[in-house]
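Heads up: the structure comes next, in structure tokens.
Residue numbers (the working numbering): 14 to 244.
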């Protein structure tokens, strides 16, 4: 996980992405924009929060969070940027081999957010095994697994593994701004969610097409909100 990514304010990805969204009113995304504004208190869009800082926005006083980062530089940055959150522990360890020790939590409630780099081809199999093992220890938890669509075949294989896993109540969400392509790199981004919050699918079914329109997605753009495995 990366805590904060610095990005030139006039970059193509900024102009074509977050800048367009922030120009409109999105009450559904208020907490998301609050996290971005927290990193840009001077009003200039220079920094973008990674998943740990976005998740930190949702922590209540009674909540606790464990963040895992292996890369030394990113670990130090993550620790620095979460220092004011006393309920957050940052670990310089591999989450794939250490998160299981935290399960099940005492409260029997929790979110396991998995946001890997997928730099290794084996990461797709590794994250599935992690979720499978974690679910066997903590079946009532909510699991959110992010994935990039670079090679559609790998995503199809990942989804098939979940369908055959025996795990119930799995939903899939995906937003693509252009057609699949093995030449252009990542063309879409998705999440596989187990035990999703109530009405998540209905809300995203309304929100994703609006986001696609706001981003001026062209021909070939699409969104997916479906029940991969029933309850």
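For glycine and all other residues, C-beta sits at the position ideal for the given N, C-alpha and C. This one's a predicted model, so the numbers in the text were calculated from it and none came from an experiment.
query: Reduced DSSP secondary structure (H/G/I, E/B, other) of residue 227; result: helix
query: Element boundaries [alpha helix (DSSP H), containing residue 151]; result: Unbroken run through residue 151: none, as it is neither H nor E.
query: Local Cβ density within 10 Å of residue 110, reported as buried at 16 or more and exposed below that; result: exposed
query: Classification of residue 73 by the beta-carbon crowding that lies within 10 angstroms, buried from 16 upward; result: exposed
query: Three-state secondary structure assigned by DSSP to residue 180; result: coil
query: Cα-Cα separation, residue 68 to residue 75; result: 15 Å
query: Proximity to residue 160 [Cα-Cα], best of 143, 153 and 186; result: 186
query: For residue 43, the first and last residue of its enclosing alpha helix (DSSP H); result: 43-51
query: Beta-bridge pairing of residue 78 - partner residues as DSSP gives them; result: 101
query: Bridge partners - residue 240, DSSP secondary structure assignment; result: 184
query: Residue 113 beta carbon less than 8 Å from that of residue 103; result: no
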